[in-house]
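Residue numbers (the working numbering), protein chains in the order written: chain A, 1 to 98; chain B, 1001 to 1240.
In what follows, a single structure is set out as structure tokens and then discussed.
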């Protein structure tokens, strides 16, 4: 069974890299978006296991986004993704998924 | 009462990709150890050996303070901010990834293996404007002395970053003893032995061993071999 992971960032280049990295692992299904509206639309239509908040989301926007995410999928795990690439990704996801 | 954790050289993660022989002090890439995720804000300490002319193509980073210290050889760096530089052994490079930056890193030499330490710290402020700096260090100033090479203060010598962190390098004669006073309350020290053998707070450490110490104001140090070289990272223990 695949783990569905939604990455939300602001930088297109990083988003493309994240999409490649997440979907390189057969056990993960990665969906990567640069806008909060796209993210909300995805959450309204499918179950997500983990959300990675990426670069460029300011703290006010992050608070609103988290609130909106949890109003749609209250059990979804939300973590900060630091680093922008492969170095930390596996460890972060493994830790978050327990 | 002070607390400590020992990270012996042979407990580090290891990945040999042929052109890249990497040792990871903390979980990185495919090395995952839930007990080795970070020490305070120190998230990555990679000890990389890179063959001549080889390296990492353009790849992005965000919201990390990235410090690179070449121990042998030279790195050719290019980034999306327009920086193109060579960093030689004896120099230090910092990059605040902030809102996002892309860079490449290669061994600048064809016939000499590059050995570098790459260190990533969580920043104390997210989404800063990306910045780059590099400095040549006065190598003589670290003889029997912890020479400060990095701090949070732009006006200090050498380089600065977006974190309440102070890095020092020292190279010591056999038998030399000193103490290091932690710069900020709440900080701990992660000491990494680059070469030689030392004791830190009574613990014996050899080449590439490390010790993390916290809940203390200072640490004691003694070189027990000639040319003992140590990197001290004085860093916040709490994630921001």
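Note that the Cβ used here is the ideal one computed from N, Cα and C, for glycine as well.
Worksheet item: For residue 94 (chain A), which residues in chain B fall below 9 Å Cβ to Cβ?
Response: 1027, 1032, 1034
Worksheet entry | Per-residue burial, residue 1193 (chain B) [other beta carbons within 10 Å of its own, 16 or more giving buried] | buried
Worksheet item: Which whole runs of the beta strand (DSSP E) in the region 6-87 of chain A are 3 residues long or more, in chain order?
Response: 28-33, 50-53, 77-80
Practice prompt. Inspect the beta-carbon positions of residue 1116 (chain B) and residue 1068 (chain B) and report whether they are closer than 8 Å.
Written response: yes
Worksheet entry | Secondary structure of residue 1115 (chain B), DSSP reduced to three states | strand
Practice prompt. With 7 Å as the limit, tell me which residues of the region 5-17 of chain A have their beta carbon closer than that to any beta carbon of chain B; keep them in chain order.
Written response: 11, 13, 14, 17
Worksheet item: Can you list, in chain order, the residues of its chain whose CB lies under 8 Å from that of residue 48 (chain A), leaving out five sequence neighbours each side?
Response: 4, 5, 6, 31, 42, 73, 76
Worksheet item: Is residue 1233 (chain B) helix, strand or coil when you go by DSSP?
Response: strand
Practice prompt. Put residue 1228 (chain B) into one of helix, strand or coil per three-state DSSP.
Written response: strand
Practice prompt. Report yes if the C-beta distance between residue 1136 (chain B) and residue 1091 (chain B) is below 8 Å; otherwise report no.
Written response: yes
Discussion item. On the CB-based measure, 16 or more other CB atoms within 10 Å of its CB, does residue 1144 (chain B) come out buried or exposed?
Written reply: exposed
Item to complete: Take residue 1003 (chain B) and list the residues in its own chain whose beta-carbon comes closer than 6 Å to its own, dropping the five residues that flank it on each side.
Response: 1214, 1215
Item to complete: Kindly list, in the order they appear in chain B, the residues whose Cβ is closer than 7 Å to that of residue 58 (chain A).
Response: 1127
Discussion item. From the DSSP secondary-structure annotation, give me the bridge partner or partners of residue 1176 (chain B).
Written reply: In the DSSP output, where bridge partners are listed per residue, residue 1176 (chain B) has none listed.
Item to complete: Tell me, to the nearest whole angstrom, how far the beta carbon of residue 1049 (chain B) is from that of residue 1113 (chain B); I am working on the premise that it is less than 8 Å.
Response: 6 Å
Worksheet item: Given a limit of 7 Å on CB to CB distance, which residues of the region 1055-1069 of chain B reach chain A?
Response: 1059, 1060, 1061, 1062, 1063, 1064
Worksheet entry | Reference residue 1007 (chain B), options B:1033, B:1015, B:1018, closest by Cα | B:1033
Discussion item. Suppose you measure from the CA of residue 1224 (chain B) to the CA of residue 1082 (chain B); what does that come to, to the nearest Å?
Written reply: 45 Å
Fill in: C-alpha distance - residue 1126 (chain B) paired with residue 53 (chain A), whole-angstrom precision
12 Å
Discussion item. I believe residue 1212 (chain B) touches residue 1188 (chain B) by the beta-carbon criterion, under 8 Å. Please report the beta-carbon distance rounded to the nearest angstrom.
Written reply: 6 Å
Discussion item. If I follow the unbroken beta strand (DSSP E) through residue 1140 (chain B), where does it start and stop?
Written reply: Counting along the chain, residue 1140 (chain B) falls outside any beta strand (DSSP E), and DSSP gives it neither H nor E.
Worksheet item: Using 8 Å as the Cβ pair cut-off and three pairs as the minimum, do the region 1023-1031 of chain B and the region 1226-1238 of chain B touch?
Response: no
Worksheet item: Can you tell which of B:1174, B:1206, B:1152 has the C-alpha that lies nearest to the C-alpha of residue 1183 (chain B)?
Response: B:1152
Worksheet item: Can residue 19 (chain A) and residue 1100 (chain B) be called in contact, C-beta distance under 8 Å?
Response: no
Worksheet entry | is_contact[residue 88 (chain A), chain B] using C-beta, thresh 8 Å | yes
Worksheet item: Does the beta carbon of residue 1208 (chain B) sit closer than 8 Å to a beta carbon anywhere in chain A?
Response: no
Practice prompt. For my contact list, residue 1276 (chain B) and residue 1161 (chain B) are in at a C-beta cut-off of 8 Å; report their separation, rounded to the angstrom.
Written response: Because residue 1276 (chain B) is not part of the residues shown, which for chain B are 1001 to 1240, the question remains open.
Worksheet item: Where does residue 28 (chain A) land, buried or exposed, given buried means 16+ other C-beta within 10 angstroms?
Response: buried
Worksheet item: Hey, quick one: how far does the beta strand (DSSP E) through residue 1107 (chain B) stretch, first residue to last?
Response: 1101-1107
Worksheet item: What is the rounded straight-line gap between the Cα of residue 1220 (chain B) and the Cα of residue 71 (chain A)?
Response: 52 Å
Discussion item. Excluding the 5 residues flanking residue 12 (chain A) on each side, which residues of the same chain have their C-beta closer than 8 Å to its C-beta?
Written reply: 34
Worksheet item: Just how far apart, CA to CA, sit residue 38 (chain A) and residue 66 (chain A)?
Response: 14 Å
Worksheet item: What did DSSP end up calling residue 1190 (chain B) once you bin it into helix, strand or coil?
Response: strand
Worksheet entry | Beta-carbon proximity of residue 1073 (chain B) to residue 1089 (chain B), cut-off 8 Å | yes
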